[in-house]
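Take 135 as the starting number for the sequence shown in the working numbering and just add one per residue. The C-beta atom is built at its ideal place from N, Cα and C for all residues, glycine as well. The model shown is predicted, which means the values in this text are computed figures rather than measured ones.
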Amino acid sequence: MDLKDIVQKPCRIVVKIGSSLLVDQENLCVRDAWLGKLSEDIAEFRKAGHQIIVVSSGAIAIGRGQIHDDGRWQLRHAQAAAAVGQIGLAGAWAGNLQKVGCPTGQILLTLQDTEERRRYLNARDTLATLLESDVVPVINENDTIATEEIRFGDNDRLAARVAAMMEADLLILLSDVDGFYDRPPSEDGAKHISLIAEVNQDIRAMAGVSGALGSGGMATKLDAAEIACQAGSAMVIGLGMVNHPLHALWQGARHTLFLPTSDKRAARRAWIQGSLAPKGSLLVDTGAAKALLEGRSLLAVGIISLEGQFRRGDSIEVQDEDGRLLGVGLAGYDAQDVQRIIGKNSHEITDILGPGQRGAVIHRDHLVVKSRGLDG
135 MDLKDIVQKP CRIVVKIGSS LLVDQENLCV RDAWLGKLSE DIAEFRKAGH
185 QIIVVSSGAI AIGRGQIHDD GRWQLRHAQA AAAVGQIGLA GAWAGNLQKV
235 GCPTGQILLT LQDTEERRRY LNARDTLATL LESDVVPVIN ENDTIATEEI
285 RFGDNDRLAA RVAAMMEADL LILLSDVDGF YDRPPSEDGA KHISLIAEVN
335 QDIRAMAGVS GALGSGGMAT KLDAAEIACQ AGSAMVIGLG MVNHPLHALW
385 QGARHTLFLP TSDKRAARRA WIQGSLAPKG SLLVDTGAAK ALLEGRSLLA
435 VGIISLEGQF RRGDSIEVQD EDGRLLGVGL AGYDAQDVQR IIGKNSHEIT
485 DILGPGQRGA VIHRDHLVVK SRGLDG
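See below:
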């Protein structure tokens, strides 16, 4: 597998841009001309049928020049800088993407938003809706409220978790180097590694140090590779300092490709089954059971009864009329709302719960059916 194999057909791509690329290191402002070229690349990829999600650093760097720290840069200064810089960062992205005909939407996330199930579902649903609406989501870590993320630089890892959450085919980390080397690339004899099948201890021993403005070095990129590849996504580290960096990669510019180590569906099934015990169960009729086995979502009309107190995003079991386990999924509603809509069709649900509440009780993307991979 190589990069051309991945992008030869329409796919979902997450692109992460670091501070050292986006922000001029001398005057701490956005490199607007470069961002304009990158935006043209994004438009080109979208024209080819690809869905693009952007994860962008830079808010702290942009805001840094406007925060007076009396020579003692502390966490509170970084958080204040993020609050100031985020406005400029969002405006730069919106302005440049608008010029090339790409509507944008901003989302601020923390790692917890991709780990806690309820917040995970909310974030995933919002991102999916933006993509369905032909909008380019621009994601940044919510550095104003984050703490450890600011100290350790988790936007590489955040990008990987977004790729996993959205079942992306490819994660591209644009960097100030053109891939992974067996030693710091500035050293004589440094060897470029073009393909990595697995992030093992030998690979980790080769990792370098962080850059000047960014808060994450090669070690965090290896963490990102593990997260993304275990979720079934491929990952690329490529040079971002050039104009049109995505186009350059498309045309064969040197990079490092990390191969996925798991199938996306298998990884998602494992995540749904997870380590948390189910918070409740649903008893469904024969028609609903048949629909689930055919790969369809669980609708309220097919539910007979429920047990337990669960919230949206909790893991719940689905049983047939004889109490046999059919599968495990993530609840689309709180238990109290499910109780109100048992046996109801979509139109009745709207009348009961209000406008916009017509979705599945468990969406098929959030359901693992026993005959398709659930043990037991």
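Nearest to V164 by alpha-carbon distance, out of I483, P379, S191, A382, is S191. Here I186 is buried: its Cβ has 16 or more other Cβ atoms, across all protein chains shown, within 10 Å. The continuous alpha helix (DSSP H) containing L383 extends over residues 379 to 384. Here DSSP, grouped into helix, strand and coil, assigns I201 to coil.
In the three-state reduction of the DSSP assignment, R399 falls in the helix class.
In the structure shown, S320 falls within a coil segment according to DSSP collapsed to helix, strand and coil. For A294, DSSP records no beta bridge to any residue.
Taking 8 Å as the cut-off, the beta carbon of R445 is found closer than this to the beta carbon of R252.
Inter-residue distance for G222 and E301 is about 30 Å (C-alpha atoms, whole angstroms).
Residue pairing by DSSP places S415 opposite E441, E451 in a beta bridge.
DSSP places K233 within a helical segment (H, G or I) once states are collapsed to three. For G235, the number of other beta carbons within 10 angstroms of its own is below 16, and it is reported as exposed. Around the beta carbon of A400, fewer than 16 other beta carbons lie within 10 angstroms, which makes this residue exposed. In the DSSP assignment, H389 falls within the beta strand (DSSP E) that extends over 389 to 392. DSSP places R165 in the coil class of the three-state scheme, outside both helix and strand. Within the same chain, Cβ atoms closer than 7 Å to the Cβ of Q200 are found at V218, the five residues on either side in sequence being excluded. Note that the stretch 236 to 243 does not touch the stretch 430 to 445; fewer than 3 beta-carbon pairs, one per stretch, sit closer than 8 Å.
DSSP lists no bridge partner for N334. Rounded to the nearest angstrom, the Cβ distance from L307 to I337 is 15 Å, too far for a contact under 8 Å. It is roughly 10 Å from the alpha-carbon of M375 to the alpha-carbon of L172.
Just measuring C-alpha positions, the residue of G386, A216, H211 sitting nearest Q142 is G386. Taking a C-beta distance under 8 Å as the contact criterion, L329 and V370 do not qualify as a contact pair.
C-alpha of G477 to C-alpha of I437: approximately 6 Å in a straight line.
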